[in-house]
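The numbers in this note's numbering rise by one with no breaks, and the one at position 219 of the sequence shown is 246.
C-beta atoms are modelled at their ideal positions from N, C-alpha and C, and glycine is treated no differently.
What you are looking at is a predicted structure, and each value in this text was computed from that prediction instead of being measured.
Read through the structure below, which is laid out as structure tokens, and then see the notes.
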Amino acid sequence: MEKILNEAMLKGVNDIYISPTKEEKYVIKFHVNGKLKISKYVENTNVQRLIASIKYRAHMDIAEKRRPQIGRFIFGKIWIRVSTVGDFLNRETVVLRFIYTNQQQQNWVDDGQFKQLRAAIPNSGLFVIAGPTGSGKTSTLYRLLNNIAAEKLVLTIEDPVEIQQHQFIQLQVNTSAQMDYDALIKVALRHRPEVLLVGEIRDTATAKATIRAALSGHLVFSTVHAMSARDVVLRLLDLGIKSEQLKLALGGVVYQRLITTISGTQAALIDYLSEGLIKRIIAGESVEKFSNMWRETLQYALKHNIISKAVYETYKAI
Numbered sequence: 028m029e030k031i032l033n034e035a036m037l038k039g040v041n042d043i044y045i046s047p048t049k050e051e052k053y054v055i056k057f058h059v060n061g062k063l064k065i066s067k068y069v070e071n072t073n074v075q076r077l078i079a080s081i082k083y084r085a086h087m088d089i090a091e092k093r094r095p096q097i098g099r100f101i102f103g104k105i106w107i108r109v110s111t112v113g114d115f116l117n118r119e120t121v122v123l124r125f126i127y128t129n130q131q132q133q134n135w136v137d138d139g140q141f142k143q144l145r146a147a148i149p150n151s152g153l154f155v156i157a158g159p160t161g162s163g164k165t166s167t168l169y170r171l172l173n174n175i176a177a178e179k180l181v182l183t184i185e186d187p188v189e190i191q192q193h194q195f196i197q198l199q200v201n202t203s204a205q206m207d208y209d210a211l212i213k214v215a216l217r218h219r220p221e222v223l224l225v226g227e228i229r230d231t232a233t234a235k236a237t238i239r240a241a242l243s244g245h246l247v248f249s250t251v252h253a254m255s256a257r258d259v260v261l262r263l264l265d266l267g268i269k270s271e272q273l274k275l276a277l278g279g280v281v282y283q284r285l286i287t288t289i290s291g292t293q294a295a296l297i298d299y300l301s302e303g304l305i306k307r308i309i310a311g312e313s314v315e316k317f318s319n320m321w322r323e324t325l326q327y328a329l330k331h332n333i334i335s336k337a338v339y340e341t342y343k344a345i
């Protein structure tokens, strides 16, 4: 196990996938720089020992091979989050997510975008970043919070804590101890933080608690699963937030993706919704899925040979 993990760390792998094939073998794949690459094939008997070792380290039930399980363990200075589930043939699939707590250098398609983002942060209200898993949302949020923490008390609520920061108060969700997002938001507000990070708005209870915190004068950051910045607003409305509350509370919305550059690295690309666009969407007006910022940044990157024509076409069309 250690040999595989060390190899993955050296390559800057984001995820390791261990899954069965048609033969009596398993395949191990590395997800790095937005691409999934086969590392090796392993015989079934060997992979069972590997999976058992991983589950033992992650404090999971080794005997349970069918039901979903989650766990995590630390390897060196890196947290590894583990997820397992068995298929209909009772063969386990394992996913290991590498959480680099030292915050790797974040690249941007256009460095000016982060400066614009930092300037757009309101004094109070809710600021949301959306994007798929692995799109760099947490890195962006923590970089923004690092700029704020020198002068203000920052408290975070996450599931799990992905990047350890001594200058923040960091709380972790623990549903088995009745410490979900909703409960921890109530606890957090008693600490009187000036800035609050709610790791993810997943349900109506969390959405309403987050909005209440934003309306009470706090600056609140969070993430939402949505396919665009526009869809974040629609998602919050779907979760039962009243239009008038959302108009008052929502101070900014960002959609972020990591795209592959010509040099082979991953760079952040964002789309930002201004307050005016947010209010138009809440009012039910028809608004394009992506703003001019998204299109213009892609055009800039193509013109300056930062991205390929193929990448440009892919992200222009999403």
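Return the residue from the list the options that minimises the CA-CA distance to residue i.
| i | options | result |
| --- | --- | --- |
| residue 186 | 194, 171, 68, 165 | 165 |
| residue 184 | 216, 302, 124 | 216 |
| residue 123 | 298, 137, 207, 105 | 105 |
| residue 36 | 53, 213, 285, 107 | 107 |
| residue 248 | 161, 93, 168, 52 | 168 |
| residue 43 | 55, 342, 34 | 55 |
| residue 58 | 125, 263, 294 | 125 |
| residue 274 | 76, 314, 306 | 306 |
| residue 66 | 92, 38, 49 | 38 |
| residue 188 | 222, 219, 127, 110 | 127 |
| residue 29 | 159, 244, 64, 100 | 100 |
| residue 175 | 88, 160, 145, 202 | 145 |
| residue 180 | 224, 191, 60 | 224 |
| residue 85 | 259, 98, 337 | 98 |
| residue 160 | 336, 314, 285, 302 | 285 |
| residue 143 | 301, 315, 314, 339 | 301 |
| residue 267 | 231, 253, 260, 259 | 231 |
Give the range of the alpha helix (DSSP H) segment to which residue i is assigned.
| i | result |
| --- | --- |
| residue 31 | 29-37 |
| residue 80 | 71-84 |
| residue 314 | Here residue 314 belongs to no alpha helix (DSSP H), and DSSP marks it neither H nor E. |
| residue 17 | Residue 17 is absent from the model: the chain starts at 28 and stops at 345. |
| residue 176 | 164-176 |
| residue 303 | 302-309 |
How would you label residue i, buried or exposed, when you count the other beta carbons within 10 angstroms and need 16 or more for buried?
| i | result |
| --- | --- |
| residue 82 | buried |
| residue 178 | exposed |
| residue 311 | exposed |
| residue 326 | exposed |
| residue 115 | exposed |
| residue 162 | buried |
| residue 331 | exposed |
| residue 233 | buried |
| residue 347 | Residue 347 lies beyond the range of the chain shown here (28 to 345); nothing can be said about it. |
| residue 324 | buried |
| residue 220 | buried |
| residue 31 | buried |
| residue 279 | buried |
| residue 291 | exposed |
| residue 158 | buried |
| residue 255 | buried |
| residue 205 | exposed |
| residue 328 | buried |
Quick one, are the C-beta atoms of residue i and residue j less than 9 Å apart?
| i | j | result |
| --- | --- | --- |
| residue 195 | residue 257 | no |
| residue 296 | residue 136 | yes |
| residue 246 | residue 95 | no |
| residue 209 | residue 236 | yes |
| residue 299 | residue 320 | yes |
| residue 121 | residue 212 | no |
| residue 289 | residue 345 | no |
| residue 69 | residue 53 | yes |
| residue 156 | residue 283 | yes |
| residue 102 | residue 281 | no |
| residue 71 | residue 51 | yes |
| residue 172 | residue 198 | no |
| residue 251 | residue 262 | yes |
| residue 423 | residue 119 | Residue coverage of the chain in this structure runs from 28 to 345, which leaves residue 423 outside it and unanswerable. |
| residue 277 | residue 228 | no |
| residue 226 | residue 151 | no |
| residue 61 | residue 202 | no |
Taking residue i as part of the beta strand (DSSP E), name the residues at either end of that continuous run.
| i | result |
| --- | --- |
| residue 199 | 196-199 |
| residue 46 | 42-47 |
| residue 59 | 52-59 |
What do you reckon, is the C-beta of residue i under 8 Å from a heavy atom of the ligand MG?
| i | result |
| --- | --- |
| residue 172 | The ligand MG is absent from the structure shown, which contains no ligands of any kind. |
_beta strand (DSSP E) runs contained entirely in the segment 178-257, provided each spans 3 or more residues_ = 181-185, 196-199, 222-225, 246-251
*asked:* Extract the residue ranges of the alpha helix (DSSP H) inside the segment 267-292, only unbroken runs of 4 or more that lie entirely within it.
replied: 270-276
*Scan the segment 89-154 and note each continuous beta strand (DSSP E) run of 3 residues or more that stays entirely inside, going in chain order.*
96-102, 105-113, 119-126
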